[in-house]
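Numbering (UniProt numbering), first residue to last: 1 to 73. Built from N, CA and C at the ideal position, the CB exists for glycine as well. Computed from a predicted model, the values in this text were never measured in an experiment.
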Amino acid sequence: MPEVKCSVANCYFWAEGNKCTADAIMVEIDPHANRRFDEEIGGEMVGTGHRDYSARRSADTCCHTFRLKEKHR
Numbered sequence: 001m002p003e004v005k006c007s008v009a010n011c012y013f014w015a016e017g018n019k020c021t022a023d024a025i026m027v028e029i030d031p032h033a034n035r036r037f038d039e040e041i042g043g044e045m046v047g048t049g050h051r052d053y054s055a056r057r058s059a060d061t062c063c064h065t066f067r068l069k070e071k072h073r
């Protein structure tokens, strides 16, 4: 399976380095579909930096595989 990058850090499948560890994923169309993540501006790559996002439910993401990570108490 190819490496899948994900910035939703509170997902059960999220791993260090913004990697998705799910065996399979279901992705839906979203408003970012036409964004160029490989565009270079001033010698720096845009969209490749690490940034953690949080979601409460799958509908907050474009990934139907999202599952909220349980908090350890």
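Can you round the beta-carbon distance between residue i and residue j to whole angstroms, since I take them to be within the 8 angstroms contact cut?
i	j	result
V8	T65	Incorrect: roughly 10 angstroms between the Cβ atoms, too far for contact.
DSSP three-state label for residue i, please.
i	result
A59	helix
V27	strand
V4	coil
Y53	strand
K19	strand
Keeping to the same chain, check which residues put their C-beta closer than 7 angstroms to that of residue i; ignore five residues upstream and five downstream.
i	result
Y53	S7, V8, A9
S58	H64, F66
E28	C62, H64
How long is the line joining the alpha carbons of residue i and residue j, rounded to whole angstroms?
i	j	result
A15	A24	15 angstroms
C11	P2	19 angstroms
Counting only the same chain and skipping the five closest in sequence on each side, list residues whose C-beta sits under 6 angstroms from that of residue i.
i	result
E70	none
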